[in-house]
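Numbering (the working numbering), first residue to last: 56 to 137.
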């Protein structure tokens, strides 16, 4: 597996985890103002859809954990601490 593929799947898993921490796809869609189908695409492992920066931040603020931001920082060689 190429590094790009591994990074992609790590981000997709983090986004799916973030959506679940916020109460599932319907609640996450309501929080960010997107269609539930869009959030569903974000959670599908092989779909290229990703959360926008603003949607990611709204969901992380809602659940109180920087789930995706932490993975993004680690992929760049940094670490997020609380």
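Note that CB positions come from ideal geometry on N, CA and C, so glycine has one too.
Own chain, CB closer than 6 angstroms to residue i, minus 5 neighbours either side, in chain order
i, result
"residue 99", "none"
"residue 97", "70, 104 and 106"
7 angstroms Cβ shell around residue i - same chain, five flanking residues per side excluded
i, result
"residue 117", "77 and 86"
"residue 72", "122"
Buried/exposed call for residue i, threshold 16 Cβ in 10 Å
i, result
"residue 67", "buried"
"residue 135", "exposed"
"residue 108", "exposed"
For residue i, the first and last residue of its enclosing alpha helix (DSSP H)
i, result
"residue 76", "58 to 76"
"residue 91", "91 to 98"
Cβ neighbours of residue i in the same chain (closer than 8 angstroms, five flanking residues each side left out)
i, result
"residue 90", "84"
Candidates the options: closest to residue i by CA position
i, options, result
"residue 114", "74, 101, 94 and 127", "74"
Touching by the beta-carbon criterion (3+ pairs, under 8 angstroms), the segment 57 to 64 and the segment 72 to 80 | no
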